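Only one structure is covered here, and it is reproduced in the block below.
Residue numbers (the working numbering), protein chains in the order written: chain C, 2 to 384; chain B, -14 to 77.
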């Protein structure tokens, strides 16, 4: 709880983020509009929508702040205009279509916090056709970096720890993205827009493109900085670019490459592929030699950085025939007992009776039943 | 014939196994043993004659007809799933 609250304190104390959303919402939201805030957190975007004249705000989030958010709306006199819903937006149905949908689920590299999937679902199910989406689109940008301190976090795994060999982790470490801040003078080429995502239309499941540019100085290349530059409204942009004067405080994304000496005016090509549904990114960099042919090529992917276990993968194979273990049977029991007649106490007692080998006490059976049941049971209507 | 891995497929090694993610279906596949060797050879060479040569060298005590049959079956299955793209050699 304290971590969640502190995370939202960070968001609220970022003046450039608040200013950007304030101006964009004032530009897009009209008096009388119905507005949805996906991932509403402390409710700040909903508050701004109310200030802009929204008739109704549906603030949806599955984090633990829902009741606090209600109290914040009430403290500002908006309790009668806002419906706070605890749950995943992709599973929520609303009683009316919205005029505007807001979403700040922009990850360090834009796509990797779910914004594409959340907005796609909301656009199809919850929004009036062709109406407002904030943000409407975002660019993904990259710049090659000289970043020895950040690279050292990858190389860490090549060094022994207490005399033990840690090198098996190295491959995963260099195929992982890192949230980091950078100084603009660490760039060794001008920033490039490599991909653009239009959130007002469906995206391909795999988005890929490449850019070619020249290094601006002699340096050692350690990786790429990646960041987003989002269009919140026709006149407002918001970015976490390390090179922007009014960037928000969100760190950029570091994509490591094997350290390589490069020369001023030498050309390079960066290719990026993202798979939003899997939060997956692949990056390839070629340094072009004097003969116009690649002299060095690096290819990385977070797929190779995933901490996979063969035993888990075998369970994910399409021809795998699953059978429930004891814990699965206990879950099945909970679902079967939620029949609209039994009380929670009766369900807990029955689960404990049928699966006594799993639960040392009734308290542990009760905790298990709550964990299994809460996300899937009907509750009183929010509306 | 030429054999290419679909752009919807990404793969990696995991120990001795090959792990494949088919983005078109969101399914993960795993190959071990000869299956992983065939996959590596497809990725490296992309031409059936060369792959079969290399496969025979790896399994030099295996019956060439059995190897050929295993190879054809795997390529056929994965092509049907859209994970491999097979094109005949151009005629001269």
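By construction, the Cβ of each residue, glycine as well, lies at the ideal position given by its N, Cα and C atoms.
Computed from a predicted model, the values in this text were never measured in an experiment.
Go ahead and pull the three-state DSSP assignment for residue i.
i: residue 119(C); result: helix
i: residue 30(B); result: helix
i: residue 106(C); result: coil
i: residue 28(C); result: helix
i: residue 320(C); result: coil
i: residue 296(C); result: strand
i: residue 1(B); result: coil
i: residue 16(C); result: helix
i: residue 61(C); result: strand
i: residue 12(B); result: strand
i: residue 376(C); result: helix
i: residue 73(C); result: helix
i: residue 66(C); result: coil
i: residue 52(B); result: helix
i: residue 329(C); result: helix
i: residue 169(C); result: helix
Taking C-beta pairs closer than 7 Å, name the residues in chain C that residue i reaches, listed in chain order.
i: residue 8(B); result: 206, 207 and 276
i: residue 4(B); result: 309 and 314
i: residue -1(B); result: 309 and 311
i: residue 70(B); result: None at all; the shortest Cβ gap to chain C is about 16 Å.
Who are the Cβ neighbours of residue i in its own chain at under 6 Å, not counting the five residues just before and after it?
i: residue 14(B); result: 5
i: residue 275(C); result: 112, 208 and 282
i: residue 400(C); result: In this structure chain C extends from 2 to 384, so residue 400(C) is not present and cannot be described.
i: residue 32(C); result: 54
For residue i, is the beta carbon positioned less than 6 Å from some heavy atom of the ligand FAD?
i: residue 248(C); result: This structure lacks the ligand FAD, and indeed carries no ligand of any kind.
Within a Cβ cutoff of 7 Å, which residues of the same chain sit near residue i, ignoring the five residues on either side of it in sequence?
i: residue 97(C); result: 35
i: residue 303(C); result: 176, 177, 178, 281 and 282
i: residue -14(B); result: 33, 71, 72, 73 and 74
i: residue 183(C); result: 146, 148, 226, 243 and 253
Sorted by chain position, which residues of the same chain lie with C-beta nearer than 8 Å to residue i's C-beta, five sequence neighbours on each side aside?
i: residue 138(C); result: 197, 198, 199, 200, 201, 231 and 232
i: residue -7(B); result: 7, 8, 9, 67 and 68
i: residue 203(C); result: 121
Kindly list, in the order they appear in chain C, the residues whose Cβ is closer than 8 Å to that of residue i.
i: residue -10(B); result: Within 8 Å Cβ-Cβ: nothing; residue -10(B) doesn't reach chain C, min ~14 Å.
> Which residues, in order along the segment 301 to 332 of chain C, keep a beta-carbon less than 7 Å from a beta-carbon of chain B?
Replying inline: Result list: 302, 304, 305, 309, 311, 314, 315, 317, 318 and 319.
> Going along the segment 206 to 232 of chain C in order, which residues come within less than 9 Å of chain B, judged by CB to CB distance?
Replying inline: Per Cβ criterion, the list reads 206, 207 and 209.
> Going along the segment 266 to 296 of chain C in order, which residues come within less than 9 Å of chain B, judged by CB to CB distance?
Replying inline: 274, 276, 278, 279, 281 and 283
>> Can you pull out the residues from the segment 11 to 38 of chain B whose beta carbon lies closer than 8 Å to at least one beta carbon of chain C?
In response: 11, 12, 13, 14 and 15
> Are the segment 242 to 260 of chain C and the segment 197 to 214 of chain C touching, with three or more C-beta to C-beta distances below 8 Å?
Replying inline: no
> Should the segment 215 to 234 of chain C be called in touch with the segment 150 to 157 of chain C, which here means at least 3 C-beta pairs below 8 Å?
Replying inline: Yes, the segment 215 to 234 of chain C is in contact with the segment 150 to 157 of chain C.
> If you pair each beta-carbon of the segment 166 to 184 of chain C with each one of the segment 72 to 92 of chain C, do three or more pairs fall below 8 Å?
Replying inline: The answer is no - the segment 72 to 92 of chain C does not touch the segment 166 to 184 of chain C, with fewer than three Cβ pairs under 8 Å.
> Below 8 Å, can you find three or more Cβ-Cβ pairs linking the segment 28 to 43 of chain B to the segment 365 to 374 of chain C?
Replying inline: no
> Would the segment 46 to 65 of chain C and the segment 76 to 89 of chain C be scored as touching if the rule is three or more Cβ pairs under 8 Å?
Replying inline: yes
> Between the segment 308 to 318 of chain C and the segment 47 to 56 of chain B, are three or more C-beta pairs nearer than 8 Å?
Replying inline: Using a Cβ-Cβ distance cut-off of 8 Å, the segment 308 to 318 of chain C and the segment 47 to 56 of chain B are not in contact, since fewer than three pairs of beta carbons, one from each stretch, lie closer than that value.
>> Pairs of beta-carbons, one from the segment 22 to 29 of chain B and one from the segment 321 to 341 of chain C, closer than 8 Å: are there three or more?
In response: no
> Can we say the segment 25 to 32 of chain C touches the segment 235 to 242 of chain C, given the rule of at least three CB pairs closer than 8 Å?
Replying inline: yes
>> Quick test of the definition: if touching needs 3 or more C-beta pairs under 8 Å, does the segment 42 to 53 of chain C touch the segment 252 to 266 of chain C?
In response: no
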